[in-house]
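First comes the structure, then the notes that go with it.
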Amino acid sequence: MFIVLVVRTTNQKIWKVEQNQMSESLAFRSPSETFDVAVVGAGIVGLANAWMAAARGLRVVLLERSPLATGASVRNFGMVWPIGQPAGERYQMALRSRELWMHLGEHADVWVNRCGSLHLAHHDDEWSVLQEYVQQNESVGNGVELFDPEQTMRKTSAAQPTGLRGAMWSPAELCVNPPQAIARIPGWLEATYQVECRFNTAVSHIDGNRLLASDGRSWQADQIVVCSGSDFQTLLPEAFREIDLKVCKLQMMRTSAQPDGWRLGPHLASGLTLRHYESFLQCPSLPRLQQRIQEESPELDRFGVHVMASQNELGQVVLGDSHEYEQTDSPFDKTMIDRLILREVQKQFQLPSWDIEARWHGVYAKFPGNVIYSAQPQPGVRVCVAPGGAGMTMSFGWADQFWKEQTSQEMEI
Numbered sequence: 020m021f022i023v024l025v026v027r028t029t030n031q032k033i034w035k036v037e038q039n040q041m042s043e044s045l046a047f048r049s050p051s052e053t054f055d056v057a058v059v060g061a062g063i064v065g066l067a068n069a070w071m072a073a074a075r076g077l078r079v080v081l082l083e084r085s086p087l088a089t090g091a092s093v094r095n096f097g098m099v100w101p102i103g104q105p106a107g108e109r110y111q112m113a114l115r116s117r118e119l120w121m122h123l124g125e126h127a128d129v130w131v132n133r134c135g136s137l138h139l140a141h142h143d144d145e146w147s148v149l150q151e152y153v154q155q156n157e158s159v160g161n162g163v164e165l166f167d168p169e170q171t172m173r174k175t176s177a178a179q180p181t182g183l184r185g186a187m188w189s190p191a192e193l194c195v196n197p198p199q200a201i202a203r204i205p206g207w208l209e210a211t212y213q214v215e216c217r218f219n220t221a222v223s224h225i226d227g228n229r230l231l232a233s234d235g236r237s238w239q240a241d242q243i244v245v246c247s248g249s250d251f252q253t254l255l256p257e258a259f260r261e262i263d264l265k266v267c268k269l270q271m272m273r274t275s276a277q278p279d280g281w282r283l284g285p286h287l288a289s290g291l292t293l294r295h296y297e298s299f300l301q302c303p304s305l306p307r308l309q310q311r312i313q314e315e316s317p318e319l320d321r322f323g324v325h326v327m328a329s330q331n332e333l334g335q336v337v338l339g340d341s342h343e344y345e346q347t348d349s350p351f352d353k354t355m356i357d358r359l360i361l362r363e364v365q366k367q368f369q370l371p372s373w374d375i376e377a378r379w380h381g382v383y384a385k386f387p388g389n390v391i392y393s394a395q396p397q398p399g400v401r402v403c404v405a406p407g408g409a410g411m412t413m414s415f416g417w418a419d420q421f422w423k424e425q426t427s428q429e430m431e432i
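Under the numbering used here, the first residue of the sequence shown is numbered 20, with each subsequent residue one higher.
This is the structure in structure tokens:
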């Protein structure tokens, strides 16, 4: 990915070790000149395309301008979140991504937790939306069910019991640790599929089937796939000029490891979250919920705040988030937004420790109404960007379908 931000974290040492080990393992391999596929960008969309192409027998080079991807792919909850996708093709694509993540968990030394999710309801209108969603999805077979407060508290001790109406349980969701996963997948692709990974390699120009790096190195490929995150200026800017891509800035934070091995259990979402995902748009009570929030707390709509929580294998709880669509290039975060997030989080959830270890912002692009923006600005060259905050959920499934269409080959997994 193409955004650089330094985040203070006690995990920095672990991440640095993985970076150094990977750099050492890659530094002594001479790049080949010609490939079937060249992928630019080693965020989740780039990794997905590199994996799905290589798994079909294509010779792939992966080019990333940073030592490791540092953009939106490592600045998220780590939620693989099928429940946020509307029923039908998109939900099935999310389930395919889920299947592929579980494969990584088994074979790539990537931490994957089959945790499921709970949407908590602390207001009557939130409970109505959840009831309507479950009723509408009875024939989908997604395993969702309603829990009363007692069942909810048995599933997680982190639900705030005061005013709790109940919750909706979904078994499909996974948790991954984004910095760990994004760091480890490239090495696994190298070892398993002989993908040539070239980090610290800034591609500055594409001319036909030739890629030129800023240090003078070059590669040729029959197919070039540019996965440049929210950077629409560096490569192929003409591919983005006439497209209504939205750029979103979000703020998030992470606690220190919870004491005494305490575990969150499933991902947690709140009634505020029901405003955010398309899967709930058909629920008749949603407009009433939206109106109440607008009247009671307009600042939440102003900054797009809805609250969720996930927990990684180190015991840290990731909290967030906000959604701003103006001044998304500002490097300065708003303390007020962090306060709003914490205010709402503490209404919905309870944690043993609220010690905040790290804060950050991320920037992602979205193509409204679509899973990913994919276009071919010139023969043999494609851009794939803007998974819209659902990159961890949709990228693998989308890339699997795309490369199946390109090669007429199924993937064995």
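By construction, the Cβ of each residue, glycine as well, lies at the ideal position given by its N, Cα and C atoms.
Treat the numbers as computed from the prediction; the structure is a model and nothing was measured.
Residue i - containing alpha helix (DSSP H), residue span
i, result
"Asp357", "Thr354 to Gln367"
"Gln155", "Asp143 to Gln155"
"Thr438", "This structure leaves residue 438 out entirely; the chain is present only between 20 and 432."
"Gln425", "Gly410 to Thr426"
Which residues DSSP lists as bridging residue i, in chain order
i, result
"Asn331", "Answer is none; Asn331 lacks a bridge partner."
"Gln301", "Beta-bridge pairing links Gln301 to no other residue."
"Met272", "Leu338 and Arg378"
"Ser393", "Cys403"
"His286", "Ser136"
"Val159", "For Val159, which the question treats as bridged, DSSP gives no partner whatsoever."
"Asn383", "First, the amino acid is wrong: residue 383 is Tyr here, not Asn. Its beta-bridge partners are Cys267."
"Glu343", "Lys268"
"Ala202", "In DSSP, Ala202 forms no bridge with anything."
"Ser54", "In the sequence as displayed, the identity of residue 54 is Phe instead of Ser. DSSP, once it has assigned bridges, lists Ala240 as partnering Phe54."
Outcome for residue i when other beta-carbon atoms lying within 10 angstroms are tallied against a minimum of 16
i, result
"Tyr344", "exposed"
"Arg321", "exposed"
"Ser427", "exposed"
"Arg173", "exposed"
"Ala210", "exposed"
"Val364", "buried"
"Val159", "exposed"
"Ser329", "buried"
"Ser233", "exposed"
"Leu449", "Within the shown structure, residues of the chain are numbered from 20 to 432, placing residue 449 beyond reach of any answer."
"His141", "buried"
"Phe54", "buried"
"Phe351", "exposed"
"Thr89", "buried"
"Asp250", "buried"
"Ser349", "exposed"
"Glu169", "exposed"
"Ser116", "buried"
"Pro398", "exposed"
"Ser247", "buried"
"His138", "buried"
"Gln463", "In the structure as shown, the chain begins at 20 and stops at 432. Residue 463 is therefore absent and cannot be evaluated."
"Thr181", "exposed"
"Asp143", "exposed"
"Leu197", "A small correction: the amino acid at residue 197 is Pro; Leu does not occupy that position in the sequence shown. Result: buried."
"Gly416", "buried"
"Gln104", "buried"
"Leu87", "buried"
"Leu300", "exposed"
"Gly60", "buried"
"Pro101", "buried"
"Met41", "Low confidence applies to Met41: its pLDDT is 42, below 50, so where it sits in the model is not reliable, and the reading given next is rough at best. Buried: at least 16 other Cβ atoms inside 10 Å."
"Thr274", "buried"
"Gln242", "buried"
"Glu215", "buried"
"His325", "buried"
The beta strand (DSSP E) enclosing residue i, as first and last residue numbers
i, result
"Asp128", "Element bounds for Asp128: n/a, residue is neither H nor E."
"Val326", "It is not in any beta strand (DSSP E) - Val326 carries neither H nor E in the DSSP assignment."
"Ala186", "Gly185 to Ser189"
"Phe166", "Glu164 to Phe166"
"Leu370", "Leu370 -> no beta strand (DSSP E), and no H or E assigned at all."
"Val195", "Leu193 to Val195"
At what residue ranges does the stretch 213-282 contain a whole run of the beta strand (DSSP E), taking only runs of 3 or more?
215-217, 222-226, 229-232, 237-245 and 265-274
Pair every Cβ in the stretch 230-238 with every Cβ in the stretch 80-92, then say whether three or more of these pairs are closer than 8 Å.
yes
Do the stretch 284-295 and the stretch 129-141 make contact, defined as three or more Cβ pairs closer than 8 Å?
yes
At what residue ranges does the stretch 60-99 contain a whole run of the alpha helix (DSSP H), taking only runs of 4 or more?
Along the length of the stretch 60-99, whole alpha helix (DSSP H) runs at least 4 residues long occupy 63-73, reported in chain order.
Between the stretch 146-161 and the stretch 65-73, can you find at least three pairs of beta-carbon atoms closer than 8 Å?
Between the stretch 65-73 and the stretch 146-161, the count of Cβ pairs shorter than 8 Å is below three; the stretches do not touch.
Is the stretch 381-388 touching the stretch 398-418 in the sense that three or more CB pairs, one from each, lie closer than 8 Å?
Because the criterion of three Cβ pairs below 8 Å is met, the stretch 398-418 and the stretch 381-388 touch.
Check whether the stretch 258-272 and the stretch 173-185 touch, using three or more Cβ-Cβ pairs below 8 Å as the test.
no
Tell me whether the stretch 388-396 and the stretch 410-418 touch, counting them as touching only if at least three CB pairs, one residue from each stretch, are closer than 8 Å.
yes
Counting pairs of beta carbons, one from the stretch 252-261 and one from the stretch 330-342, are three or more of them closer than 8 Å?
no
Inspect the CB distances between the stretch 306-324 and the stretch 209-224 and report whether three or more fall short of 8 Å.
no
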